[in-house]
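Heads up, the sequence shown is in numbering that gives the first Met the number 0, so the first residue is 0 and it goes up one at a time.
To start, the structure itself, in structure tokens.
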Amino acid sequence: MFLCTQTWRASVAELLGTAVLVFALDTIVISTIQTQTTTPNLILSTLVAIIVTILLLATYPISGGHINPIVTFAALLTGLISISKAFIYILAQCVGGIVGALALKAVVNSEIEQAFSLGGCTLTVVAPGLETGQALWLEIICGFVFLFASVWMAFDHRQAKGLGRVNVLIIVGIVLGLLVYVSTTVTATKGYAGAGLNPARCLGPAIVRGGHLWNGHWVFWVGPAIACVAFAIYTKVIPSQLPHTME
């Protein structure tokens, strides 16, 4: 699989898709906060849902539209892809995250970069923020909900066929947007940037900007990983067909 040209070509789509995702999402985070609108969380989550849906539609025909290590790791644990393909995809996504952060750094001035930490994933920036334990639980819960409520539809060919590819990808984007809204609103802590829900997006700004972005950075990897394991166990426990789905 490591020598499969098709996988490496698909990984390019993952790299570019993740780079655009990181650039777009971090730009949205910065611009939404900077404009000082009265409903920043609502606007932020809506724009996140839109950009994620667009990028999923763009990359799905080429690579399956992962652009997120959570999706790739969950696909690996559920037996949908091989270890080698998962490794290549996650590597491409991480590189894409760095490229996206570098692109953002190139177009913003130093004041914005410092004030908004390149839109990176943070626990404590301008205020004490969220406790590490709370943030970890939020990553686990939001990650599982993300997989259970949306990604599972893409993994399950019956649901994907019944709903249609476009509808499934729209649902994924909407669910992700809702989780962003919940994680940034319910916690109500100024220093917390909300659930990362994409380790590659958190990694890019952390490498490019550094500093406090590394504080608690492991939470944005360990939390989603635990969520993926829980999701994989769930898919193994439930039967492949339930009585009401059998014809």
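Here a beta-carbon is modelled for each residue, glycine too, at the ideal position from N, C-alpha and C.
From a predicted model like this one, the values you see are computed outputs, not experimental measurements.
Assumed close pair residue i, residue j - CB separation to whole angstroms, cut-off 8 Å
| i | j | result |
| --- | --- | --- |
| Leu178 | Leu196 | 6 Å |
| Ile139 | Ile225 | 5 Å |
| Lys84 | Thr6 | 5 Å |
| Val207 | Leu117 | 6 Å |
| Phe230 | Phe147 | 6 Å |
| Cys201 | Gly119 | 7 Å |
| Leu56 | Val165 | 7 Å |
| Leu43 | Ile27 | 6 Å |
Run of the alpha helix (DSSP H) containing residue i, from where it starts to where it stops
| i | result |
| --- | --- |
| His65 | No alpha helix (DSSP H) contains His65, which DSSP labels as neither H nor E. |
| Ile29 | Thr4 to Gln33 |
| His156 | His156 to Leu162 |
| Phe230 | Val218 to Val236 |
| Trp213 | No alpha helix (DSSP H) holds Trp213; DSSP gives it neither H nor E. |
| Glu138 | Thr131 to Phe145 |
| Ala205 | Pro198 to Arg208 |
9 Å Cβ cutoff met for residue i and residue j
| i | j | result |
| --- | --- | --- |
| Ile66 | Thr17 | yes |
| Gly175 | Val47 | Reading the sequence as shown, one finds Leu at residue 175 and not Gly. A contact, by the Cβ cut-off of 9 Å. |
| Ala100 | Gly210 | no |
| Val21 | Leu122 | no |
| Pro39 | Ile32 | yes |
| Val150 | Val70 | yes |
| Leu13 | Ala73 | The question names Leu, but residue 13 in the sequence shown is Glu. No, these two residues do not count as a Cβ contact at 9 Å. |
| Tyr59 | Ser10 | no |
| Leu54 | Gly64 | yes |
| Ser182 | Leu137 | yes |
| Tyr180 | Leu24 | no |
| Thr77 | Phe154 | yes |
| Val193 | Thr131 | The amino acid at residue 193 is misidentified as Val; the sequence shows Gly. No, the pair does not count as a contact, with Cβ atoms beyond the cut-off. |
| Cys93 | Pro198 | yes |
| Ile97 | Ile29 | no |
| Ala159 | Val167 | yes |
Proximity test, Cβ basis, 9 Å: residue i and chain D
| i | result |
| --- | --- |
| Ile82 | Absent from the structure: chain D. Only one protein chain is present. |
Exercise. Residue ranges of each beta strand (DSSP E) run of no fewer than 3 residues wholly in the region 60-123, ordered along the chain?
Worked result: For the region 60-123, not a single whole beta strand (DSSP E) run of length 3 or above is found.
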